[in-house]
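Colleague: Numbering (the numbering used here), first residue to last: 3 to 120. Glycine is no exception: its CB is placed at the ideal position from the N, C-alpha and C atoms. Have a look at this one.
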């Protein structure tokens with residue numbers, strides 16, 4: 003869903019919250035694929051919250067500095083991130099090697115033995 007967003011950017015500034023209006027809110031609405039006319043309403047807050055959840059951000063529905071920075075990232079930023087992670091994945095042990103993986107973002111640890119999670 004997020005890969006089809008318009009390529010405009012949202013100017014930096016103070017956090018945008020429900021009830022706010024103005025040029026930056028219009029840019030945010032457009033960036034989220036909404037009609038750029040209007041205020042920061044429930045639909046914008048829900049779209050911001052969905053975006054935040056999808057990008058590992060605090061899902062509070064407020065477009066603060068971190069959310070704006072994530073919204074303004076180009077597809078090239080994500081291409082680079084994928085390439086780096088693919089390179090890292092090449093260094094992982096094979097399927098039949100006993101090992102532990104740690105997913106820091108999800109706060110999960112998994113132990114694998116004989117190709118299966120044990």
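What is the DSSP secondary structure of residue 16, counted as helix, strand or coil?
Modeller: One-based indexing of the chain shown puts residue 16 at position 14. Looking at residue 16 - three-state DSSP - the assignment turns out to be coil, as it is neither helix nor strand.
Colleague: For residue 73, which residues from the same chain have a beta carbon less than 6 Å from its beta carbon, with the 5 sequence-adjacent residues on both sides left out?
Modeller: Locating residue 73 in the chain shown gives position 71, where the first residue counts as 1. Cβ within range, chain order: 12, 33.
Colleague: For a test of the three-state rule: what should DSSP assign to residue 118, helix, strand or coil?
Modeller: Numbered from its first residue, the chain shown carries residue 118 at position 116. The answer is strand: DSSP assigns residue 118 an E or B state.
Colleague: Please determine, among 36, 91, 118, the residue with the shortest C-alpha to C-alpha distance to residue 97.
Modeller: Here residue 97 corresponds to residue number 95 of the chain shown, with the count starting at 1. The option with the nearest alpha carbon to residue 97 is 118.
Colleague: With DSSP run on the structure shown, which of helix, strand or coil describes residue 61?
Modeller: Here residue 61 refers to the residue found at position 59 when the chain shown is read from its first residue. Looking at residue 61 - three-state DSSP - the assignment turns out to be coil, as it is neither helix nor strand.
Colleague: Where does residue 99 land, buried or exposed, given buried means 16+ other C-beta within 10 angstroms?
Modeller: On the chain shown, residue 99 is found 97 positions in, with the first residue counted as 1. It is exposed - the Cβ of residue 99 has fewer than 16 other Cβ atoms within 10 Å.
Colleague: Which residues mark the beginning and the end of the alpha helix (DSSP H) in which residue 69 is found?
Modeller: Within the chain shown, the letter at position 67 stands for residue 69. That run of the alpha helix (DSSP H) goes 67–73.
Colleague: Residue 51 to residue 103, Cα distance in whole Å?
Modeller: Taking the chain shown and counting its residues from 1, the one referred to as residue 51 is at position 49. Taking the chain shown and counting its residues from 1, the one referred to as residue 103 is at position 101. Whole-angstrom Cα-Cα distance: 29 Å.
Colleague: Going by DSSP, name the residue or residues bridged to residue 112.
Modeller: Residue numbering aside, residue 112 sits at position 110 when the chain shown is read from its first letter. In the DSSP output, where bridge partners are listed per residue, residue 112 has 103.
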